[in-house]
Structures are given as C-alpha cells and as structure tokens.
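In what follows, a structure is listed as structure tokens, so that the remarks can point back to it.
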Amino acid sequence: MQFGLSESQEFLKDSARKFFAGECPSAQMRRLMETDTAYDAALWSKLTDQGYTGIIFPEAYGGVGLGKVELMLLMEEAGRALLPGPFFATVVLAGSVLDSVCSPAHKQKYLAPICGGEARSTVAILESNASWNPRDIQLNAANGKLTGEKYFVSDAAIADFIIVVARNGVFVVNAKAPGLKISPMIAMDLTRKLYVVEFNNTPAEEIGAITGLARAFDVATAALSAELVGGMQRTLDITVEYAKTRKQFGKPIGTFQAVQHQCADMYLETESSRSAVYYAGWALEENSPDAAIAVSIAKMYASDAARTVGNRGIQIHGGMGFTWENDVHLYYRRAKGSETAFGDATFHRERIASMVIDAGGVAAKSA
Amino acid sequence: MQFGLSESQEFLKDSARKFFAGECPSAQMRRLMETDTAYDAALWSKLTDQGYTGIIFPEAYGGVGLGKVELMLLMEEAGRALLPGPFFATVVLAGSVLDSVCSPAHKQKYLAPICGGEARSTVAILESNASWNPRDIQLNAANGKLTGEKYFVSDAAIADFIIVVARNGVFVVNAKAPGLKISPMIAMDLTRKLYVVEFNNTPAEEIGAITGLARAFDVATAALSAELVGGMQRTLDITVEYAKTRKQFGKPIGTFQAVQHQCADMYLETESSRSAVYYAGWALEENSPDAAIAVSIAKMYASDAARTVGNRGIQIHGGMGFTWENDVHLYYRRAKGSETAFGDATFHRERIASMVIDAGGVAAKSA
Amino acid sequence: MDLNLTSEELQFRDELRSWLASNVPKDWNEWREKPIEESFPYLRAWQRKLQEGRWAAVSWPKEYAGRSATLMQQALFWEEMARVEAPPMANSLGLGLIGPTIIAYGTEAQKQRYIPKILSAEEIWCQGFSEPNAGSDLAGLQTQAVLHGDHYVVNGQKVWTSYGWVGDWCELVVRTDATAAKHKGLTVVLVDMKSPGVEVRPLRQMTGESEFNELFFRDVRVPAENVLGKVNDGWNVAMSTLMYERGSYGARLHLIFKRYITRLIELARNIQRNGRPAAQDPIIRQKLAQCSAEIEIMRFNQMRAFSRLTATGVPGPEGSIQKIFWSELNQRLQQIAQEILGSYGQLLAGDPRAIDNGMWSYAYLRTRGNTIEAGTSEVQRNIIGHFVLGLPRSY
Amino acid sequence: MDLNLTSEELQFRDELRSWLASNVPKDWNEWREKPIEESFPYLRAWQRKLQEGRWAAVSWPKEYAGRSATLMQQALFWEEMARVEAPPMANSLGLGLIGPTIIAYGTEAQKQRYIPKILSAEEIWCQGFSEPNAGSDLAGLQTQAVLHGDHYVVNGQKVWTSYGWVGDWCELVVRTDATAAKHKGLTVVLVDMKSPGVEVRPLRQMTGESEFNELFFRDVRVPAENVLGKVNDGWNVAMSTLMYERGSYGARLHLIFKRYITRLIELARNIQRNGRPAAQDPIIRQKLAQCSAEIEIMRFNQMRAFSRLTATGVPGPEGSIQKIFWSELNQRLQQIAQEILGSYGQLLAGDPRAIDNGMWSYAYLRTRGNTIEAGTSEVQRNIIGHFVLGLPRSY
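Residue numbers (the numbering used here), protein chains in the order written: chain F, 6 to 372; chain X, 6 to 372; chain W, 13 to 407; chain H, 13 to 407.
This is the structure we're talking about:
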C-alpha cells in the first residue's frame, strides 16, 4: 500500500503547477475575471496542448486515458491558480457526463471535440428550486423539445453545446438552437460565470438515461473538492508568507500564537481535505464500494474547510486581507460558489448518514 | 433602566459568597462529596439561619419573600462553592413546585417546613426514557397509589418527602411510605447524588395539577443555569490564577496567546451566561411575556458554555488539570450533570424555535 | 436591577419617538441604494434637521447643543433611530467620536471653532489613525510631524479612513518625537483636508466597494494651534477617541440583527428544503434558534455594560467583549443565512434573482471585516486578557 | 498511489492473522475490567506468547528478534491486533519507545543486557520525562544527576509516568550540566527502579483512576555505564523516544474509533428522541455523519503520513497533525455520544443502568487528557507553525 504519489503523478502535478503559474498567473487570472466570460481562447488552446482537456477520457476519443487520481492532481493545481473559464464545466463535468451516459457514437460526436479542445460545454442541472436532489428536477423533454429554465449553469455563454439534465433523460442542446436564451447571473465567484438558461420549444438530442449521472456527478464533486484543496493551499501559502514578513509590535505577526496557531489549523484543514480528496479519487478509480461515501466525505470536509481556511486567511491578513488587491478574497469567493455546488456540507452529511446509518454502511475499504 | 445589581442585591451576593467560602470551602465540599448523600445537617442548619431555604417564598410560609433575581444570585454563589447536598432539590425545585401548584393548606404542610429548614425534599420527574418532554411521562396515580419508577432523582435518599410528577397530577410521597424504594445511581457529579425511586402501590397525596409545573420548572432551570455561571466563574478564576503563576519556557503561561485568548473566551462565555441568567431571573420575576424564551436562552447558552469553559480550564492547567486534586474537574462533573438536567442545549434550542419561529415569536421585551 | 424604563427614560424616548414620527424622511429607501456620493447632501440635510430638534448629539453636554443623555438614553436614541429606519447622519464620526474628543481635550478656541460646524454637518470629519505598517500596533505609527516655527510639516500615509473622500477636517495622529518610546512621542493634530499636499485615494475592499480611503500627506502644513491636547500626549487623546468608538458600536446593533433574523425566519418559511419549508427543518431550526438567542444575549451584555458604565462614566476594556461578541455573531449569522439561501446566497446586488437584492451576499463578504476593523478580535482578546483578567502582556 | 496491499503486505497480514486466530486469548473480556495489578501477569504471558511467534516487536531489526517491518506493516500489525481485540502487551513502553531508543543509541553491552528482557516482559520499563515544573517545556527539566566517580547521584521528581508502579527500569532524563543552555546539559540514564531512594506514588486522575505515577528520586545511585547515548546529549536521545511515541500513536486508533462510532450508531437506533429513534433524528444524523467522516479522514491522513515516512524513514513533525486530529476528534466523538445518551451519559461504571457499563462516561472524562498528554495541542500547533510552516518560534 502506498498513499503517496507515484513518480508519474508527481510529474503531472509539478508540470501542471508550472504550467498554470506560467500561463495563468494572478495578473492573467484577474484580467480574465474582469471579462464577461472569463474565457481565453489562447489559454484554452494551451490547455489542450497539455492534454488536460482529455485527461481522463479514453484514447479512442482523443483522450489521454489517465485515472481519477490524476484528475484530482490536475484540479488541485487548477484550483491553486484559480483558473478562470470553463475547464471544470467542459472537461470535468460535461466530459464525465458524456463518458458515463452515452453511446460510442455520441462520444465521438461530443466527447471527442472536448478532448481535442474544439468544443466548450457545460451541464445544466439546477432549476429555480436550486435543489441538488435529482428528484427535484422538473424539466421534461417532450417530442425532442425542451421548454423551461435551468439556473446556476456555469460557463453557458461560451458553450458550443449544453448538456441538459431532464426528468426523462440527458439531452444535448446546441448553442445555436432556436428558443435557447442564455443570461448571466451576477454571482460572487468572479472567475466562474453563472447563467440562467431558458428553453422555449428548443430541440434537444437525447444522449442517455439519467441513471448514469450519479457516477459522473461523483467524479465532478470529487474534482471540485480537489480544486478547493488547491485554493486552500494557495490561501495558506499567501498567509504564511504574510505572517512571516508583516511586523506589528516589533515582531513578525507569525510570532504570536493567535496567528501561528491559526496557520497550523489552516495547514491541518488543508492537508486533511487533501487526504480525503486523494482517497476519493482512488476509490472512484478503483470502483471501490465506498466510492460514493468517499466522495461525500471529501466534499463535506473540503466545503467547510475551504470556508474556514479562507476566514482565517483574511483574518490573519488584517486590513490587508479585506482589500480588493489581495488575492485571498478571490479564492474565498470561489470557495463560496463551490461550497454549495453539488451539495453543501449539510447535504453530504445527510448523504453519508443515509449510506452509513441507514444502509448499515459500507465500511471504507481498509488495509 | 438599570441592568446592574441594586445595593441590597449586591449585599445578598457578597454575603452569600462569604458565607459559602466560610462554611463550605473546597475541603468541606470534598469531604461531603465522599459521603453517601453529600448532606450535612449542620451546614443545612446554617443555610436555614441565613434565610436561604426560604429565599423566594412568601413570608406567610416562613419564607423571605425575595425575588427571582435574588435567587439567581444565591445560586450563582452556591455554584461557585460547588455546594454539595440537596439545596437545589429541596429549595429551588421542590419549593418552586409547591409554590406553583398547591393550595395554601398544602403549602403550610410542605413548603413551610422547607422554608424553616426542617424538611428536605426533591422532585421525581424523569422516567426510564429520560425525556424532559412532559408528554413522555408514563407514571399514573390510581386510587391514591403509585406504582412505577422514577430515574435521576437528585438527593432522594435524604428527602423527608418526595414530590412526584405523574401524568394525572403532582403527588407527595412520604419518605417512610410503604412500597417506596430508593437506590443510588452512580453518576459523574459527586456533589449532587442521583437515585432511582421505585413505587410499589405506594400511597401518594395529590397536591396539584401538572399544569402548574411549567412555571416552577422555568424557575428551576434558570436557577440551575445560575449555578452553572458560578461554576464557570470559579473555573475561570482558578485558571487565570494558574496562568499567572505557572511558568513554562521561562514565562508565565498566561503570556502565551494560546492560553491568554482561551482565558478571554472563558471570560466572554461566563459573562454572557451571567447576562442571560440575570435577564431570565428578571423576566420570571416580572412575569414578562418572554420569560419562557429567556429561560431557554439562559439554559441553552450556559449548558454549552459551562462545558467549553471547563474544557478550556482543564486544557490550560495541562497535566495538573487532569488530576483528581485540582477542583476544576469537580465543576466539570457538575456541569455535565446540569447540562442535561431540564433539557440540554439542543432541547432548548428547539424550544426557542417553537416559540420564535412557529409562534411568530414573542420578542424579548425591549427597552 | 430594574429593566423597566425610568420615567425620565420614558419621557426621553417618547419625545424622540414623536419627533421622529413627524420628522424622519419617508423616502430614505429610495436613496439608500444609491452611491453615497449622490446621497450625501441628503444625509447632511437630515443631520441638520436632527440638529434643529436638538437630536444630533444627544450625548453631548447641553452647552454644546446636546442633551447630556445618559448612556441608557443614548442606547434608546439609537434603538429608536433603527426602529424607524432613519438614515445615518452625514457627520457620524464628528458627532460620535471626534466631537467628544474635542470637547474633552480641546481649547476653548478649538471648541468654538469646530463644534458648531460638526453639529451642522457643515464640516465633515474623518479620522487618520491606522497606517499601512501600524494596524493593530497603533503605537508604531510613522507619520511624521516636524515643527517649523508656528506650524508642523506632516509627511506620511494613513489607511482605512472612512469619509476621507468627503472630509473637511481630519483628526490625525502623528509622531512628533521620533526619539521617545513608541506610544510616547505621538500627538493629535486637526488637519484641514484642503491643505496643499493632502491626497485622498479610494481603497477598494473585497466587497468591491470603496467605503474607505487612503490619505497621503506630503509636506502638509498644519498650524501649531491645531494640536489637540498636549504635544506628545496624542496616545491618550487617540485612545479616548477609540473608547468612544468601542462604546458607540453596538447600541444600535440589536435592532439591526433582529431585523436580519426576522427576515431570515421569514425566508426560511418560504424556501423549501427536503420537501418542506426550511423553517421546519430541525437542523435549520437549531441554527436559527442559536442565533436568535445570541442576538438577545448580545443585548443583555450591552445592557449590563451600559449600566456598569453609567456607574463609572467612562467606557472601559469590557467593551472588548461586545466587540468580539457582535462581530463573531454577525459572521455566524451570515453563514446561517448562506446555508438557508443555498445557491441563491452567492447572487450579488443587480441580479434580478438575488434575494433581497443581494443584501445577504454583500453581508457575507462585508462581515469578514467585522473581526478586523475597530480592533481585531486578537487585539480585543489581548485587551481582555491583560486589562480585564490581569494576565501578563502577550504581545 | 496504490492503496491495495502489496503481496508482501498481504503475506505479512495473512501470516499474522492466522497466528492470531490460533493464539489470541479468548478470555480477555473477562480480564479487561479487572484492576491492572491483577491482570498484569496475564499481559506478561500474552507478550511472551507474542514473542514466541516473533510478533512482540515487529518494527525491530531481525537481529533483535523483530521483523524489520515497514511502517505499513506496523500499521497492519496494530490493525489486526485491534480487529481481534487482542490484549495489550505488558511492556508496551519498552517495546514501542525505549527498546528502539536503546537499539539506536545503546552500546553493544546495553543492547545485550536490556533488549532480551524487554522482549520477554521479564523487565518492565517506564519513562521518566515530565516533571512538575517541566511539562510542555521539557528543556526546563530540573532532576539533577551529579557524577561521583563511577556513578551518578540522582535527585528530583518525575510525573505522569505510566507503568511506574510495575516498572523494573526507567528511561530517565536528568540534568548533568546545570551551567549549559536549557536543552543542552541533559543526559538520559537507565535507572534500576529497585535502587534505594526511588519512590513510586500513584497519581490520581480526574477519572478517579491512577493510570500514572509520580516518581521521587532521593540520592539514587546510577552507574555511569547506564548513560544512554552521550553525556549531555540527552535532548536528542529523549526526542528520539518522543518521535517513536508520536509515530506509534494512531496506528491502531482507526479501528478503536470505528468501533466507537459503530456502537454509537447502534445505540442511536435504540434510543428514542422526539418520538423516533435517535438515528432518524436529522440533527443526530448530521453529527454522526460528521464524526464518521472525520474518523475516515484521520485514517487517510495516517496512511499518507505512513507513506511519507516510509520514504524518509524517520517520523517528522507532521505527526503533530495526527496528534491534534485524533485527540480533538475523540473529544468531539465523546461529546456526540453524550448528546445521544442524554441523562444516561453521566452514569459511571458500576451503575446497573449505565450504558456499556459506563464506557461512555469514562471516555468523556478520559478524553479530556488526550489534548494534554504526549504533547499538548498547543505544543503540537507550535511544532506545525515553526517546524512545518517555518514561522518564527512563538514561545
């Protein structure tokens, strides 16, 4: 048993870190967040060149065929850079849904262009009730047409096609389809734009059954948690650096236990989130019977931890942490969006309870 | 408006503090806790001489006729001394029940001897389900006889008569009544002994209806919270003293913010509990429409605060806090017993919710 | 202990209530969402109206157009103002903090010169205390003032100045003796913000707004007669201002928080969770109840503190409890709001679907600053530890 | 990353599992409630049996009857022991902490003299580290050892010594150079507990038990050859022992905590709350789920740490995370147990109505010590802050 990264995993993580640091430093991220869509075609093309757009998908569709642990590592590094744009929506979410629910022909049609970097996409899930419980979805396709609304759809404005979760199946709607209307929502996370997507008798192609979604959503949820880990790590790094250099009362503020012990807690929360995320990635990859529990553990813990790490980071920075210029609040905003996405901590605690208490529990696979 | 103590209230509080410090110092408290009943007749007689046994009861029954705020102050000081024995059971609980539910004749018979120091008593409420919800009481009197069990009855072994809450009324059972069996429960709080009380066709005198209990229990709950405040204050005092004198790394440990800031939190929690308790005493005394909410606020906050203050107190003492010789754990044990008595924080939060959310809320009486 | 209002308090409240009933502007709701630059003349006018009713500075002595209001009356004042959702006053720092400091430390000439125009909102005041390198450590201030004949020449930078953009005058703390121990060589000077060399820049916060400013002083000449209190006694003068700050906070918070929780309960009745209204969800109920209770306890603590201060007359270190309590409670409250609002919680003002026009998302971000501004939670715990509990200094 | 067991690990586990199946005593449950004084011979016998199977010290080198087990194998060892609810070993400090230190720092003669009897439980070892005035500040130790010819004369007091009452030998840290800087002049000596002048007293804890002892040394003669490592190098020797302590903790905790939570869920199914089983109460469900999740995360953290240590070979400061995590988690877990058990939670062992014979009330009190023993949470956060994050020393 070896719960450390293999050499190739270390290599992937390091090169991703260097890639994002080089191609999407803070200034670039801030520039993109001020744009309407936070999307940059040149950056996307570089992501494609790295193979990131096809990272976990089969080579048959132009993917790289790596595992879920590798996806976690990549998302962790993307989170550290606060990568703006539709990478999560397109590759992680839409890609996983396509990979899970559709036929080889549909994969060739929709997944392959994602892997190849030619298409952007997203998945429309939530409705006005904003419930992550699939039973609360009302939208129904009739005669290959959709009429209704989806809320909180990330990056819809630059999607070439939108995957739509309806009661009676999973559908693809082309960006140019008649009756499709996309309007921005003004939300806290400036680097991942949200939209309302309206359908009015809009033609939609059925690509699979909703039963396949659970697995895809688990992958997306774990990857979102991994992204939170990267954000926590960056927040911790910035904060520790500040605590070493900022002086008050003639000493670096990190000398004061009120500051230092909060940094220690940030470290504990970050590392614990990382452990949970890596385990979830491994459990998903191995189709371990506790994979769904592991995903909920990771999302539950990381949702809360990202918020508390952010709170501590801002607090330790003092007035400086409250300024627009300091990046900490940008990570904090992303953490807020991600905290509720795919279910908040309360949602996942209840999901864990239903699996552990009611079902008698599948014990996490043990050594 | 004046939310400070009046001169006579200050006097009562000071004299109670001096009285308990003189008559029940730590050594005496420890001696009594090692006895079977934690009861000391000489100490009781001195409590009576001070008027404490009749503090809030009408002069017509030999009481002193003071208000509920004064009761809070007395219980706070009793809590600070960790007063062992049946003062809470007899005076606060049994006394308040008698005062609330019974006729003048019954008061003469039962309340007057309590005021006069001649009788000890207690109230038997909980049953094997240990629920503080009155609807869960099963015991029923039939033809003036009781058959069944009551659990967690404090100080029953030295009660001259026991007040019993049944579904169909409030009853008095004489300590010498046939079919009465009292057996000790071995519990965490060493200074307030608990018992199982069994009735087997035991004669019982009906003294009132259960509808009158709510008010009496509110008084007892507030007084128990006041006692917790005294315990918190003592824990804080011992801990701050230790933090000033104990040295590690060449400095008093109170110099370290990890210690000092915990002391500050203990202070905040203690003072906030005190504010809530004083307000509850006043609201009860004035029959303010928010009295029940105020009681739940005090019990909820003090139940949690007493535990966290205790946790911090032990932690700051380090190894010394974990020893039998240090009094902090004795307060911690009392806090544990009192935390659940008359409903824990969760119970009172739900009670607050039912009053504030469901009933539209009686706003706390405002200035 | 008697929590009923005395007849004097009742009279004060009733007089205020009836004055407010006929004088509070009805159209504040139309103005409050607008940029402060636009609504500022409106706020000046409102303050002048209050002044006409002798309500602008109730805590001030009668000789300075105040009412010598007791602390309890001051609390009643803010409660009544919050109850009718009255607009704030334009010169709130001048009235709340700086005016009282001038009354306490100023010369007769200074009082005559500044006090009337503070009251009338003719001259708006700001405060120059924090610096980029002196936030929690106020004694480490570096802004220099050097005496040249009859004036000081000031050089340095201040941050986190409210009302800097509109300030006519500034209560500025400067270092006048570089050789003295840290908190010794400081002096408070009153600086005309129109003096050459004063530059005001907006300071953008994480909420996106610019509530605060940065002030830059480059060779700014300040007449020596503008020293407030004694030269090199600025520490005590500034601390006195901060005590007023700590004391004045909180008085109106109870009604504001109460409004938050009432609105939140109302929202919880309408938002579905697990197939029933969130207000019926046991987990949400626990959190709302805890928060409701803490809002009341905050008020009980404040009432006790006011009563204690009424006895002693001067705000003391126990104000630190209030500061910690309200700031951390507000953060917990906003977190509960977020949990109830779910995905909607992240929508900002301007989004047509944002609940209460984004009030909750704004408050979520804004409350992050509560535990930093006006003395961080860490500084407050230092104050409790050292000044209240008598522990050795930890910093 | 591969969380499947390697074939070597599987082989190790299977061999152990089959050995345990035929050797683990079946009657431990009858003994475990008895006073330790009574069950101690039983525990010695069990250790001897383990030694016969070469399972007493799997981490030790093969030349000292160990198996040179990898860290992962050590973790498997403790998991398997916990899985079959095997009794502890009599000489657990000797095997876990002191033996490894002797192997690392001892002379050949010392190894020959002490190691075999540690393994056979013939000589029980205890540790004399903490003192009344040196708890978190180990460098402040005051117990003195003065060299007189071929022996040291030791005077002083130690506290919190496990196994003191039964100890034959003690790994004692003494001050041999009073003039050197604090953590310099320390030396580790191996002391025969039967030496004249050694007194052992029980130290009663807040649980009522006496798990620990106080040791008093009055003019105790210790041969100079009993120095372990170099004179005045005791700090490094002692720190090495503490590293083993931190490393060995936790490996078996996962199964213990898992057993707690499983039992608690079972209890929650049978305890009524608001007219339904507590296990169906949404508030209790949230708490049980949080706790279950944290127990898993504790294990994930441990697995990651083991893998990291396997690469580096020596336990490092990241052990501080494990210590904080498990000790604080155990306290939260016991608090949840108390909330579920309600009034029954306060009943102690011996009360016929106490649930699980008072295990929960005992654990509630006992876990208070978790954040104090083996390095307080404060010390652990200092270690993370300074040694992991590189912040300046805060103490």
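Heads up, the beta-carbon is just placed ideally off N, CA and C, and yes, glycines get one too.
With Ser20 of chain X as the anchor, note down where its alpha helix (DSSP H) starts and where it stops. Glu12 to Glu28
Answer with yes or no whether the minimum CB distance from Tyr407 of chain W to chain F is below 8 Å. yes
Would you report the Cα separation of Val367 of chain F and Ala26 of chain F, rounded to the nearest angstrom? Summary for Val367 of chain F: the model assigns pLDDT 43, below 50, so the residue's position carries little reliability; its value from the coordinates is reported in the next sentence. If I take the Cα positions, the gap works out to 40 Å.
Examine chain W for any beta-carbon lying closer than 8 Å to the beta-carbon of Pro144 of chain H, and answer yes or no. no
Alpha carbons only, please: which of W:Ile48, W:Gly325, W:Lys123 and W:Tyr407 is nearest the one belonging to Lys256 of chain F? W:Tyr407
What beta strand (DSSP E) runs, 3 residues minimum, are completely inside the region 81–162 of chain W? 137–140 and 156–160
Span of the beta strand (DSSP E) around Cys107 of chain F: Unbroken run through Cys107 of chain F: none, as it is neither H nor E.
Does the beta carbon of Ala83 of chain F come closer than 8 Å to any beta carbon on chain W? no
From Trp77 of chain H to Lys61 of chain H, what does the alpha carbon distance come to, in whole angstroms? In the sequence as displayed, the identity of residue 77 of chain H is Ala instead of Trp. If I take the Cα positions, the gap works out to 13 Å.
Could you tell me whether the Cβ atoms of Ala228 of chain F and Met77 of chain F are closer together than 8 Å? yes
Assuming Gly213 of chain X is part of the beta strand (DSSP E), what are its boundary residues? Glu210 to Gly213
Below 8 Å on the Cβ atoms is my contact criterion, and I expect Ala375 of chain H with Asn369 of chain H to pass it. Report the Cβ-Cβ distance as a whole number of Å. Ala375 of chain H to Asn369 of chain H, Cβ: 12 Å. No contact.
Excluding five sequence neighbours on each side, which residues of the same chain lie with their C-beta closer than 8 Å to the C-beta of Gln343 of chain H? Thr379, Arg380, Asn382 and Thr383
Alpha carbon to alpha carbon, how far is Asp270 of chain F from Leu240 of chain H? Give it in angstroms, no decimals. 37 Å
Give me, in chain order, the residues of the same chain whose beta-carbon lies closer than 6 Å to that of Glu390 of chain H; leave out the 5 immediate sequence neighbours on both sides. none
Shorter than 7 Å, the distance from the beta carbon of Gln347 of chain W to the closest heavy atom of the ligand FMN, or not? In the structure shown, the ligand FMN is absent, as is every other ligand, since no ligand is present at all.
Taking Cβ positions only, does Val171 of chain W come closer than 8 Å to chain F? yes
Take the Cβ of Glu42 of chain W as the centre, count every other Cβ of all protein chains shown within 10 Å, and call the residue buried at 16 or more, exposed below. exposed
Measure the alpha-carbon distance for Ala369 of chain X versus Arg264 of chain W and round it to whole angstroms. Residue confidence for Ala369 of chain X is low, a pLDDT of 41 falling below 50, so the modelled location carries little weight; the figure read from the coordinates is stated next. Roughly 16 Å separates the two Cα atoms.
Is there at least one Cβ from chain H nearer than 8 Å to Phe157 of chain X's Cβ? yes
Grab the span of the alpha helix (DSSP H) containing Tyr272 of chain F for me, first residue to last. Gln262 to Glu290
Under a three-way DSSP split, which group does Gly370 of chain W fall into? helix
Return helix, strand or coil for Lys242 of chain H, following the three-state DSSP convention. coil
Chain W within 8 Å of Pro257 of chain X, Cβ atoms only: yes
Of all the residues that make up the region 292–309 of chain W, which are near chain X by a beta-carbon distance shorter than 8 Å? Pro294, Arg297, Gln298, Leu300, Ala301, Gln302, Ser304, Ala305, Glu306, Glu308 and Ile309
Quick one: using the 10 Å Cβ neighbour count with 16 as the cut-off for buried, is Gly315 of chain F buried or exposed? buried
Can you tell me the Cβ-Cβ gap for Val224 of chain X and Lys73 of chain X, rounded? I've got them flagged as a contact below 8 Å. 6 Å
Val170 of chain X - containing alpha helix (DSSP H), residue span: Per DSSP, Val170 of chain X belongs to no alpha helix (DSSP H); it is in the beta strand (DSSP E), Phe166 to Ala171.
Taking the Cβ atom as the reference point for each residue, do Ile357 of chain F and Ser304 of chain H lie within a distance shorter than 8 Å? yes
Measure from the C-beta of Thr328 of chain F to each C-beta in chain W and report whether the shortest distance is under 8 Å. yes
Taking His266 of chain X as the query, report the chain F residues whose CB atoms sit under 7 Å from its CB, ordered along the chain. Ala263
When you compare only the Cα positions, how much space is there between Ala372 of chain X and Asp194 of chain F? Because the pLDDT at Ala372 of chain X is just 36, under 50, the model does not fix this residue reliably, and the value given afterwards should be weighed accordingly. One C-alpha to the other measures close to 42 Å.
Per DSSP, cross-strand counterpart(s) of Lys252 of chain F: F:Pro257
Assuming Arg312 of chain X and Ala340 of chain X form a contact by the criterion Cβ under 8 Å, report the distance between their Cβ atoms to the nearest whole angstrom. 6 Å
Length-filtered (4 minimum) alpha helix (DSSP H) runs lying within the region 116–198 of chain F: 117–120
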